[in-house]
Every structure is written in structure tokens, then in C-alpha cells.
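Protein chains in written order, with this note's numbering: chain A, -19 to 325; chain B, -19 to 325; chain C, -19 to 325; chain D, -19 to 325.
One structure below.
Number of protein chains: 4
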Amino acid sequence: MEYNFRSDNESQADSRILEALIQANSNSAFAYGTDTYTTQLDRLFSDLFETNVVAIPVSTGTSANSIALASVTPPWGAVYCARDAHVYCDEGGAPEFYGNGLRLIPVPGDNGRFNAAQLAATVSANQGHGVHSYAPASVTLTQSTEAGTVYESADIAAICEVASAQGMVTHMDGARFGNAVASLGCTPAQCTWKAGIDMLSFGATKNGCVSAEALLLFNRPELRDRVERLRKRGGHLLSKMRYASAQLQAYIDDDLWLQLAANANRQAATFAAAVDNHPEARLEYPVQANEVFVRWHVEGFERLAQLGMQFLLMPGQDDLARLVFSHNTPDQETAGLCQALEAVV
Amino acid sequence: MEYNFRSDNESQADSRILEALIQANSNSAFAYGTDTYTTQLDRLFSDLFETNVVAIPVSTGTSANSIALASVTPPWGAVYCARDAHVYCDEGGAPEFYGNGLRLIPVPGDNGRFNAAQLAATVSANQGHGVHSYAPASVTLTQSTEAGTVYESADIAAICEVASAQGMVTHMDGARFGNAVASLGCTPAQCTWKAGIDMLSFGATKNGCVSAEALLLFNRPELRDRVERLRKRGGHLLSKMRYASAQLQAYIDDDLWLQLAANANRQAATFAAAVDNHPEARLEYPVQANEVFVRWHVEGFERLAQLGMQFLLMPGQDDLARLVFSHNTPDQETAGLCQALEAVV
Amino acid sequence: MEYNFRSDNESQADSRILEALIQANSNSAFAYGTDTYTTQLDRLFSDLFETNVVAIPVSTGTSANSIALASVTPPWGAVYCARDAHVYCDEGGAPEFYGNGLRLIPVPGDNGRFNAAQLAATVSANQGHGVHSYAPASVTLTQSTEAGTVYESADIAAICEVASAQGMVTHMDGARFGNAVASLGCTPAQCTWKAGIDMLSFGATKNGCVSAEALLLFNRPELRDRVERLRKRGGHLLSKMRYASAQLQAYIDDDLWLQLAANANRQAATFAAAVDNHPEARLEYPVQANEVFVRWHVEGFERLAQLGMQFLLMPGQDDLARLVFSHNTPDQETAGLCQALEAVV
Amino acid sequence: MEYNFRSDNESQADSRILEALIQANSNSAFAYGTDTYTTQLDRLFSDLFETNVVAIPVSTGTSANSIALASVTPPWGAVYCARDAHVYCDEGGAPEFYGNGLRLIPVPGDNGRFNAAQLAATVSANQGHGVHSYAPASVTLTQSTEAGTVYESADIAAICEVASAQGMVTHMDGARFGNAVASLGCTPAQCTWKAGIDMLSFGATKNGCVSAEALLLFNRPELRDRVERLRKRGGHLLSKMRYASAQLQAYIDDDLWLQLAANANRQAATFAAAVDNHPEARLEYPVQANEVFVRWHVEGFERLAQLGMQFLLMPGQDDLARLVFSHNTPDQETAGLCQALEAVV
């Protein structure tokens, strides 16, 4: 018995996504995003988000984030982000590459989030020195966060107000956007553009696709050309883009994305409850999406692993583990995990 | 009746490729290229090319080319290429982006090719001025070429000798590499590393894949780290890379790639013969792979289009058309095209 | 006897320039360009050019050109220039560096110049392919040219009209701008912004300064911030900028720059007349500024060198020499050169 | 009465430096650094530092630092530096620009310095994640520091050992290197390459030059080409470089640089003693070079300013002032400052 709670990046694609990909293969189609699968995306995402959306498919979340930030940040501009943000810690400098040497400035905060006051203080401490300093240009926040928590729409709105007062553009890294929306129970619009978000990296790969992400621009059609130029120069203008676009269509059709995310969240909540009941193990952060961080002794984690539970220890910390639940994690595997946890005291 | 000879980028994926992709979905797998589909690629490509190969999957041919050139060309280095090379004319400056401002220098030549003497003369004319000039760093040639022709292995070897004498690294853009090998009837090794090629963008998407390209390094393992860094920063390290790698495995398994390319070439040859027999239309270049360029009067092309034949006129030239034949072009469609051509005099 | 006609880059500074530099040392002064020597430059250059000018001192002509082009050309933008332009042939890729991978596209022409029709044809041949191509962004012309010729104001105006029709910004590389204005006998305004030029690299170092160049923006105050950001990031915001600014003030005061250039031009004209009268040597280009290119047999050049005349042969061409006359070339040295030429038949 | 303690960047050039500049104007000279003033620099600096030195003159400290770091740090490499380092806080992102998106990672520490253990801990916390993280590439420390303190040679050696163990190259930002050496009383060699430093930005402008900095490479001749390429692309290859090189020659001749720095340090020490004796004002950091940071109430600083003393308050802190003493600060001005301080209680 091997149950995989290592990462939603390791999960399979949902069968309905695969079927859409196969369906897209039934005929020839125009290349480089001029096919009808792709040209429909603006309308479909505009419907989903209830506003004017430009939807740009790309290969990866890293490219979506980097292209987004580079499109609104000059090389001498600063991007404010959480200290553990993927763009800052896990993308090998892709934002700096696409942004020709822009700088990411981490904002302190708790539970994977920062708040409006923390942002304002950090911006204030990093400017005021003219050309000698980086100029504040953009803010990015991750929804759901790297800590498995979720920003409330009101918190996002407060952050976006600070950004707007400084003339900064706002971006959301939505690698796990579905998990956040499923958790909040709001509309996609409410926690994005209605709260002041300008751009969203709409992640789909982790939550059931083969390879499909989209960069969404909310009511900012003037950015399309820059974004498309950056995508082309980055080598992300797929010649057979229809296969990515067909996945995206199936993913948002009939709220499939929210159903998939809801399962992942539900499994996480089940396990979080088991941790809460455990005499020793404890939750490191509030569990609000599909990731559970557990603080425990190393021997406990070793026993859990011996029982066939696969998960990751955080780098440099053998008493902190991350368990990720996926769109296709079955109840039975989560139950098995909970039993294994109970068995180790 | 609509027959599509516009581009192999518009063709479908082969069913065996799709099956491999579906098969790769049967279980969870490690992320970011640590899965077994991907880790086997070095061995499989080493077998195919009969030497030590590092195989790096990427999303697009543009990224394969750009990462390859940037990994061996400093920002102050020059890349020599054909005047109509894809890297120079069709990639929106991706090589300059990945290479932080390197310069592409076009080499004159005929039929989409340049030769060793033309390369030597161009290099000579562009250097000798120390830091004031770009330093010669790399050479890239396209196989099969943008004109639908093919370099003989001996011609490649002569070019690589000139490159080597200048300390330049050699790269082959093999977006249609299968068509070239099928045309030459040589082994993949003969027209690449045995002729002096250091790196190959091994294209698969045009010739039957959904989305799969690989950058191959021949006996240059020391370049792996730079290439992997560039891939990550470019956002091309796919989280679910197994789906691309599985395609590549199926593509080279049992010579599928050569069978697919052979069909495309055969259809092109059939049509080329029809053009040769036509009283007015004539072939612009020798037809050696799967592209046929036809010089004719605009009225002829218009009639052909009215008969349901889809193809592209070259930009700014209404008397020059390109017709591309694909891995899945059926005999019947080519026969229909030939009949249509004959019907228009 | 050694007379130096190798380059105006080798000439001394004029004594009035040195005096200004020494005068600027009489007291302490604000740093990083906030001193009064520097803050007066906008007004002084606005007076000289009879319009609103932003004047940005930098260290070198290369940095002036690169910053100018990068400030108006996105990374995916093309800069059109003459085939032998300094930015293209002699700056080691500085424009591509500052411009994050922009592309320089050479325009064919004669005598170091291109004309409006040649520009229009080249732009037309290099676009129309959307994100796959570079976008036309700017045009740069050199005044006086690398061939020692000068553009008439009407020719500049015609070029700028083509540029404007394509939405391109115009830049003039004025490394030898004084020689051009002295040659044309026009006002500085006439051959720049009145003809449609947006930005000028106003060279002073070659024509009598120690180290002083200025990038001038004509009626484009909105570009100041970008230019100043690029200057800072390039490391050209001098801490003790007053010394450069004091040189620039002295250089344009009382038309010193035009007097200096006029001497250089007069010496060149004297020598050009001697070449015209010579039975074998001939002028390669019309002599309109301070550079004379002579086509002759190699033995002639060798004899001239043996007689103590220092000059450069063009790279790869031992039958083509360049002789440059400077602001401080004395009549006697030019006379000596002419005599030496006459002596060699 | 106005006494200027704002910055050594506002001080005049020393008369011996000016004389050398004037002397360099007595004849024509080769351009672009091939003149004899420049070609002698390697030997002169090798003598001064008692080892093999490559000396590269540049225009500014920012360019010296940026070129140094970019020459040894790939775009995916991290540069470790102090939290208040000039390269991190005051250069507008020039290192990121020259380094094509490298990342500066601040190391915590006290009094403007970090130590070996702090460096090791920070490096350890920022790596281990393969291509997803930046790779450790270089370390830069500032001597004397931004806080007016000085690293002991033994502390430098300990830092360089940590760097070396990680394969990192070491750089020293010596914008005020003369002040540090004068303070330590060691040889220039002892606190640089003998302690493990690979590259030094040898500052001269603040300490008595018009405009002259040199990047020194210790026993690393293989870096020369990269450094010269970066300098050219940055636009810092001065056409009339002799004027900068002549300044540098005069600056190090007969220990002029140390005499000048010693005066600045002595004035700072005098004022530091006065602060120590003051009932309210106190020194923020140990005074070891030519900068004095004073913590006091805002009314005190206001009175001091009213008495004609010019100095800067630190950004965002009206109770912390910086006073800088220069190579040419006369005893009388420092005495006046001390009296003013005593007068304000």
C-alpha cells in the first residue's frame, strides 16, 4: 500500500480533461492560437468571471506568473510578494528573467499571507530614494497560499487599495485558485477583480489537467500585446495550442474545476480533523484549502512513511511535513492516512 | 471538400502518441521531470543516436532553439544562421531574450542552406575588432530547411569544421528532423554528431505529437546544468512532464517518427512531380522533405484555393505558395491536389 | 615627425574645456547631478536648440546611444540603422544589452547614409508577421556619418516622416554632430527636431572635451524618467557629475563647439582637395565633415606611413584608408600631409 | 559659515590629481584604453598589491561593482551581501541589470558588517532546491562599510573561507577602500587577496579624484575578457581613457591615496571624540573610517544645521544623522563642528 500525498503536481489528469484533449484531435486546426478552441477562451472566461477577460494560455504556472509580472513591471520596478511566495522561492528566478532584472521584495506576514498594513510598511521602507531605489510597480499574492490558507475577499481588497494608492498593479498567483474559490464559496469574480485584482494566473494543471494554465487579464485589454510578445519570446506560444485550450474549456465547463477542488479540500479537512485529535501532532497553519502542514517529531513522520504514506518534509526541517490532497484523492486513501496517524502515538 | 496543406503545425496527433499520453495517466508520478518517463529519455535517445545523449524535454521548438543557443553563446556572442532561419525570422526574438542580447548574424546561401565557405566569409567579415564586435560563438542550421531542402551529411561536416576552427559550438534546428532523416536515408547519428553537431532541437510536435520537443546534447554532459537552469527560468520545466516524455518515448519507439515523416515526404514528392509536369507552375526549390514551394501566377493559386485546396502564400509575394504535407496526409488528398493543379491551366 | 590622423578620439582636450573643469573644482558641490552645473543644462541646451530640451549627461557616446534607443524600444522592438552604424558595428552589443534583446536591422544605402525610400522598403520587408517578428520601434541615423558624409535637413525630414508613419521614434547619433552642423551651416534645431528628430546623442568628447556626452530629448519630457532609470542602472550617474557638466557648458558657450568643428572640417577639406589632385589616390566618399576615406594602392599608404603620417587602414582592406582631422589639427600638419601625398606617386 | 559634511561625493578633487589630468593632455594618445597611461595600470597596481593584478578603469563605483559581480555570477546565481550594501540599496538595480536577473540576497549582521557564521547560515537557508532556487555564486562585502566601520583582515578571511567552501567568488566594494586601509594600518594586500578576496572595486572618486574607479582582479587573468566585454556593453570603455588612468596613477603614486584617506579618518575621529563627550548625542556605530553616525534628538540636529553645519539625516529617521569627512576637510572645519555640537545641549 502506497498512498501519495506528496503533491498535487503528481496527480493524474481527470478523465473529462483527457476526453476533451482527444476530442480536439478529431480534425486539423489553425496553429499558434488562432484555432477556435483558443479564440473562444476570452468569451468563456469573461462569462465565468462576469467581466471583460483576456485569456492567454501558457505552458506552466511559472510562465504565467513571470509574464504577468514582467508585463506591468519595468526592469527598475519592484514586485512585492509574500516571503514564501512561489515566485520568490521556487521559480529559479523566472520573474527576474522575464522582467529583465526587476526585484522581488518579500513582505512579512503570517500563515502564508501578508496584510495591507504589512504591505504598506514594506513599500514605505523600500522607496523614496529616486533612481537609486527600485520603484514600486506591482504586488502579487498567492491564492490559496503556500501555507494552505486562503485570503478573504475583504483582505484582498484592502491589499489592492494599498497597491492602487502607490500606482501598483495587482496580480494573483492562482496555481491553486480552484481550491481557494471552493473554500471561500464565493464567485470567482468576488475574490479577484471585484476586490481589485488586475491579473490572475489561473492554474489548472495541479487540479486535473495534463498541462494547461491561463493568464487572465481583467478589464485590461491594453496589456494583451505586451503579454503576447512576452509569451512568444519566452517560447510559450504553442504551435498546437488547441490541445491546451481544449483542456481549459473542459476544466471550466459546468464547474468541473470547482468540483475537483472541492474533493481535494474535503480530503484535507478530514485529515486536518484527525491531526487536531491527535495527542502529539499539530497543525502548523489553519487548513483552508488542500494542503496540510503538520508539526510533529521526526520519529512520528518516519513511522507514517513506513506505513506507506508518502509526503514531503519541509527543507531543513525534519519536524514539519506537508501533505497535499488532490482532485482525485479517494476517501479510502484519506481514511487510511488518518488510521495510520492514529496508530502512531 | 477542404484539403489542408497549410502547415504541419495544423495536423492532428498520431493515435499512437495519444495512446501513450493516456497510458501515462494511469498512475501518479513524480513532478518536474523526476518521473520515470522522463528519466529514461537519456538512455532511449542515447540508443537512438548511438552515443551519449542528454535529452531535455521542452514545450516548443522556439524554447528548444533559444535555450540551446543561449547555453553556449554569451551575451556578447554571435550566432550564425541562414537568412530565412526560424530563429532569425519567426521566433519574435526569443534567442535574443534567452541569450540576454546575443546577436544573430545571417549567412547568405541558396535554397535555404548556406555552405562552409559562405559561413567562413561571413564570420570573417564580422569580427576582428575585439570587444567592439560580437564574438563568434555558435552556428545553427535547420534540417530540413525552411525551403524544404536537406543538408547532406558531408555539407554539415564541412560547416562544422569551419565552426570548430573558430571555436564555435554547433546547433541543429530539427523542427522537421524526421523529414530530413527519412529523406537522407542515413542514421540519425550520421547527420548530427558524427558530422560535428553538438546540440539538436529534436522536433516532434509537427510530425505527430500533441506537444513535445526535446533538446539533445551530444557528448556534452557539462552543458546540462546551464540548459536546465535556462529551462527553469524560461518556465519550461513542466510540473507534469511525464505527459511530454511519454509522447517522446512513443514517437521514437520502433521508428514511428521515421514512418510518419516518410509519409509526409512521399506525399510531397508526389505533388512535386505533378508540378514538374505542369506547363506553367514550377518548383521554387528542390523538394527533399515535406514542403513544396510553387512559383505560379496569382490566378492559378486563386483557382486552386477555389477548388478547396488550403495553402499559404509567402508574405509579400502572391506568386509564391508553400504547400506542406503531414504525417497523416492521405494519398487521396494529395491525389486530389494534383488533379486540381492539372485542372488549372 | 609624426602627425596623427588616426582618430579624433586620440586628440587632446581644448584648453577652454580644461579650464572649465578646473573652475568646477573651486568648491564642493551636490552629488549625482543635483549640482548647479548640471541643473542648468536643460536651460542652456533649450536655448541652443530653441525648444524644450531635457539634457542628460553620460560618460560615453555608446551609453548615450544605448540609453536613448532602449528608452523608446521594447525588447521585442526593432531599431533601424545604417549598415555601418556605430551602434551596429562598433559598440559590442551595448544597444542589445540596454534594450534587453532588441534587434538592430541594417538599412542599405550609399556613402554612409540611407534614405527614406530605403528605410520604408526595409521596414516593410521585416514586419507583418505579428508576434513572430520584431515590431518597428525606432530609427537611428548618424550625423555626420561613419563615411564622413552629412545628411541634409530635408533628407532627415523625409526619413523622419517614414518613421512617424510607422509609429517609430527617431534618434540621431551625433558623435560628430558639431562637424555636421558646421558643415551644413544650419542651426542645430534645423537638422534635428525641426526635421523630426526626437533624441540626439550630443557628442563632445571627440571634438575637444575630456569626457562629456549628453543625451538630449526634444519636447519629450515624459521620457526623462525612463532615461534616468536606464542611466542609473547602467552605472552612468556620475557622483561628481559637475565635472562633466562644466565641460558641456564650456563646450557650447559662445559656439566654441562649432569653432572647433570648423577647424577639423577645414583641414579635411584641404586634404580632400589634395587627394582630388593626386594622379592615383581617390576619394571613396564625398568629404563633408572631418573624415577622409582614400582608395589607393597599398604601397602608397606604406610610403605615406613611412613619411610619418599616422592613419588607419579599414579592416580587411589594405587599399582603403581613413584619415581623421581634429579640432586641434594645425594647418601645418595638414600641409605636411598634403606634401607627403604629393611626394608619393 | 557653511561647512559641508554631507558626503565625500561632494568634495573637490585634489590638486595633484588635477595636475595629472592636465599633464595627460599634453599630447595625443591612443583611444579606448590602448594608451600608455592605461596599459601601465596592471603593473602599477600589481606593485601596489604585491601580486598579479588586472586593472580595469571604469567611470563609477556602480559600474565597477556591477561588472565585477556579473562577471562571476550567472543569471541564476545569488550574490550575498550586507543588508545595507550599496549594491543592494543604492544602485537602482545595476547589479541585476548587468547580471541579467541575478539575485542579491542580504545577510544579517551588525554595524554594517556580517560575519562568516551569518553568511553560512544565510546561504544554507537559500539553497538546496536545485534549479528551483538561485545557486550560490558570489559574496560581496563593503570596506569600509556603509556604517563607517571596517572589517578586520581575519574577519574577511573567515568570510572568504565560507565562500570558497561553497564555490563562491569574493568581491570587495572598496568605494572607501583607502579609508579602510588607512584605518587598519595594513598593506592593501593583507585585507584583500591575502584574505581571500578575488576582486576589488578600487574607489578613487570620493577620495580626491574627478572621476576614476578601477576594478581590480587578483590572480584571475581568465576573467579579463568577460570583464572587458561587460565594460564595453555597459558603455564604460572610455574613448579618451587616459584621463581616467592618469588620475589613478597619480592617486596611488607615493601613497597619495592613503594620505588623503588618513586626513578624512582623522577628522572623523576628532568629531567622534566630541560626540562621545557630549551629554546627549551618541555614536550609532564604532567610528573606524571617515563616516560618523550620530543618534540624537531632532532639535539638536536642527540647531546644528542652523549653525551652518551641513549633513544628512537618514531616510525616515529624524534622530539619526550621518556626517562624512573628506580628504580635504580642514582641521578648522572639524573644530567648528565640534564647537557647534558642544554649544547645543
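Glycine residues also receive a C-beta, built at the ideal position from the N, C-alpha and C atoms.
When C-alpha distances from P168 (chain A) are compared across A:Q268, A:F198, A:E(-1), the shortest belongs to A:F198. Distance from D15 (chain B) to V304 (chain B) at the Cβ level is roughly 33 Å; contact not present, criterion being Cβ atoms closer than 8 Å. Boundaries of the beta strand (DSSP E) around D153 (chain C): 149 to 154. With respect to chain A, the C-beta atom of S113 (chain D) has a partner C-beta closer than 8 Å.
For the stretch 284 to 324 of chain B, the full-length beta strand (DSSP E) segments reaching 3 residues or more read 300 to 304 along the chain. If you look at C61 (chain B), you'll find it in the beta strand (DSSP E) that goes 57 to 62. Chain A has a Cβ within less than 8 Å of the Cβ of D70 (chain D). Within a 10 Å sphere around the beta-carbon of R302 (chain C) sit 16 or more other beta-carbons, which makes this residue buried.
Under the three-state reduction of DSSP, E260 (chain C) is assigned to coil, being neither helix nor strand. With respect to chain C, the C-beta atom of V67 (chain D) has no partner C-beta closer than 8 Å.
At a cut-off of 8 Å between C-beta atoms, F10 (chain A) counts as an interface residue with respect to chain B. Restricting attention to beta strand (DSSP E) runs no shorter than 3 residues, the stretch 29 to 53 of chain A encloses them at 33 to 38, ordered along the chain. Here the C-alpha atom of V34 (chain C) lies approximately 10 Å from the C-alpha atom of M179 (chain C). Per the coordinates, the alpha-carbon of P55 (chain C) lies some 15 Å from the alpha-carbon of Y68 (chain B).
Cβ neighbours of A0 (chain C) within its own chain (closer than 7 Å, five residues either side excluded): A226, Q227, Q229, A230. Residues Y60, C61, A62, R63, F94, Q98, L99, T102 of the same chain have their beta carbon placed closer than 8 Å to that of V87 (chain D), with the five preceding and five following residues left out of the count. For N187 (chain C), DSSP records no beta bridge to any residue. L218 (chain D) is positioned such that its CB atom lies no closer than 8 Å to that of S46 (chain C). Within the same chain, Cβ atoms closer than 8 Å to the Cβ of W237 (chain A) are found at G158, A184, N187, G188, Y231, the five residues on either side in sequence being excluded. Between Q123 (chain D) and Q3 (chain C), the alpha-carbon positions lie close to 32 Å from each other.
Chain-ordered, the chain B residues with CB closer than 8 Å to the CB of V190 (chain A) read L1, N5, K220, Y223. In this structure, the CA atom of R213 (chain A) is about 46 Å from the CA atom of F29 (chain D).
The alpha-carbon of L164 (chain B) is positioned some 15 Å away from that of L240 (chain B). By the Cβ test, the stretch 134 to 154 of chain C is not in contact with the stretch 289 to 297 of chain B, since fewer than three Cβ pairs between them sit closer than 8 Å. Under the three-state reduction of DSSP output, L82 (chain C) falls in the coil class, being neither helix nor strand.
Close to R213 (chain B), with beta-carbon spacing below 8 Å, are these residues of chain D in chain order: P55, W56, G81. In chain order, N308 place their CB closer than 7 Å to the CB of Q(-8) (chain D), counting only its own chain and leaving out the 5 sequence neighbours on each side. Distances from the CA of P116 (chain C) to each of C:D233, C:V52, C:R156 were compared; the closest alpha carbon is that of C:V52. Residue range 193 to 198 is occupied by the beta strand (DSSP E) that includes F198 (chain A). When 9 Å is used as the limit between beta carbons, L217 (chain A) is near these residues of chain C: V111, H112, in chain order. Any Cβ of chain C closer than 8 Å to the Cβ of E76 (chain B) would place that residue at the interface, and such an atom is present.
Between the alpha carbons of L284 (chain A) and P259 (chain A) lies a distance of about 15 Å. Put simply, the CB of G89 (chain C) is far from chain B, with every gap to its CB atoms at 8 Å or more. Going by DSSP, R275 (chain C) is part of the beta strand (DSSP E) stretching over 271 to 275.
Close CB contacts of Y265 (chain C) within its chain, under the 8 Å cut and outside five residues either way in sequence, are with N91, G92, A127, G128, T129, F273 (chain order). Residue pairing by DSSP places N(-16) (chain B) opposite B:Q290 in a beta bridge.
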